[in-house]
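Reading through the C-alpha cells given below for one structure.
What follows is the structure, given as C-alpha cells:
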C-alpha cells in the first residue's frame with residue numbers, strides 16, 4: 001500500500017467515524033458516544049477507533065468541530081452573499097430557521113443540545129460549546145450593529161438586545177419542534193423575526209461579497 005493511499009484511507013475512516021458520531025450525539029448527547037458502540041456500528045476494533053482520536057474527550061471536541069462545519073454550511077454560507085446589516089441578518093435568520101425545520105441534525109440544533117448537556121460541567125468540552133455560542137452571538141450582534149449604523153434599524157437599538165431576541169426565538173423553535181413536534185413552530189419563528197427586523201424590501205439583485213472570515217456556531 002502506498003503512503004498516499006494509506007493517508008487517504010485513514011482520513012476516510014476518520015470522516016466516517018465523525019459522521020456517525022455526529023448523528024449519535026445529536027440525538028443522544030455527546031456523552032452517548034462510546035468507543036465500543038462506534039466500533040461495533042462501524043465494523044472496527046476499539047483500538048482502531050481510539051487510534052484516530054486517542055480519547056473520548058478528543059472525539060467529542062472533534063464532533064463539535066464537525067457539527068460546526070455543518071452549521072456553517074447550512075446557516076452562515078447562504079447569508080454571506082447578502083449585504084452586511086439588515087439584509088444579511090434576515091437571510092441568516094431564514095437559513096437558521098430552515099436548518100431546524102429540515103432536521104439537518106436528527107436531534108435538532110446540535111449546539112443547543114450540547115449546551116444543555118454541558119453548561120454545568122466545567123472542562124474543555126463545555127468551553128468549546130460556550131466559545132461557539134459566543135462567536136455566533138457576536139455574529140448576530142455585529143450584523144445588528146451594522147444595521148443600526150446604516151439606519152436600517154431605529155437609532156438607539158441595542159445590538160445585544162437584537163441578538164438576544166433572535167437567539168431566544170430560534171431556541172424556542174428548536175424546543176417546539178423537538179419536544180412538542182409543533183408543525184406551526186417554524187412559521188411562528190418567522191413571524192417573531194419579522195416583528196423584530198421588519199419586512200424585507202423588494203429584492204434588488206445586488207449581491208455583496210465579504211472576504212472569508214471565521215465564524216462558529218452557536219458557529220454552532
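Residue numbers (full-length UniProt numbering): 1 to 220. All residues carry an ideal CB built from backbone N, CA and C; glycine is no exception.
CA-to-CA distance, residue j to residue i, given in whole angstroms
i           : j           : result
residue 181 : residue 154 : 36 Å
residue 115 : residue 126 : 7 Å
residue 82  : residue 88  : 5 Å
residue 178 : residue 110 : 12 Å
residue 214 : residue 76  : Residue confidence is low: residue 214 scores 46 on pLDDT, short of 50, so the model does not pin down where it sits. No coordinate-derived value is stated.
residue 6   : residue 50  : 17 Å
residue 85  : residue 198 : 13 Å
residue 163 : residue 146 : 13 Å
residue 94  : residue 45  : 42 Å
residue 122 : residue 133 : 16 Å
residue 96  : residue 74  : 8 Å
residue 56  : residue 136 : 26 Å
residue 37  : residue 24  : 10 Å
residue 102 : residue 157 : 32 Å
residue 48  : residue 8   : 16 Å
residue 176 : residue 188 : 10 Å
residue 194 : residue 22  : 32 Å
residue 66  : residue 139 : 19 Å
residue 32  : residue 98  : 26 Å
Range covered by the alpha helix (DSSP H) that runs through residue i
i           : result
residue 110 : 110-118
residue 51  : 46-53
residue 67  : 56-71
residue 143 : 124-149
residue 81  : First-last for residue 81: undefined, no H or E at that position.
residue 182 : Where residue 182 is concerned, there is no enclosing alpha helix (DSSP H), given that its DSSP letter is neither H nor E.
residue 160 : 159-175
residue 88  : 86-101
Burial state of residue i, where buried means 16 or more other Cβ atoms lie within 10 Å
i           : result
residue 183 : exposed
residue 206 : With a pLDDT of 42 at residue 206, under the threshold of 50, the modelled position of this residue cannot be trusted; read the value that follows with caution. It counts as exposed.
residue 170 : buried
residue 63  : buried
residue 11  : exposed
residue 212 : Only weak support is given to the placement of residue 212: the predicted model assigns it a pLDDT of 47, under 50, and the question is left unresolved by the model.
6 Å CB neighbourhood of residue i in its chain, flanking five on each side removed
i           : result
residue 34  : none
residue 202 : Per-residue confidence for residue 202 stands at a pLDDT of 48, beneath the threshold of 50, marking its modelled position as unreliable; the derived number appears in the next sentence. Correct list: empty, nothing qualifies.
residue 192 : 169
Neighbourhood of residue i by C-beta distance below 8 Å, restricted to the same chain and skipping five residues each side
i           : result
residue 118 : 30, 125, 126, 129
residue 174 : 100, 108, 109, 112
residue 39  : 45, 46, 48, 49
Integer Cβ distance of residue i from residue j, believed to fall under 8 Å
i          : j           : result
residue 90 : residue 200 : 5 Å
residue 26 : residue 106 : 5 Å
residue 92 : residue 152 : Going by Cβ atoms, the distance from residue 92 to residue 152 rounds to 14 Å, so no, they are not a contact pair.
Beta-carbon proximity list for residue i, same chain, < 7 Å, skipping 5 on both sides
i           : result
residue 165 : 196
residue 42  : 16, 17, 20
residue 141 : 159, 160, 163
residue 149 : none
residue 61  : 124, 125, 128
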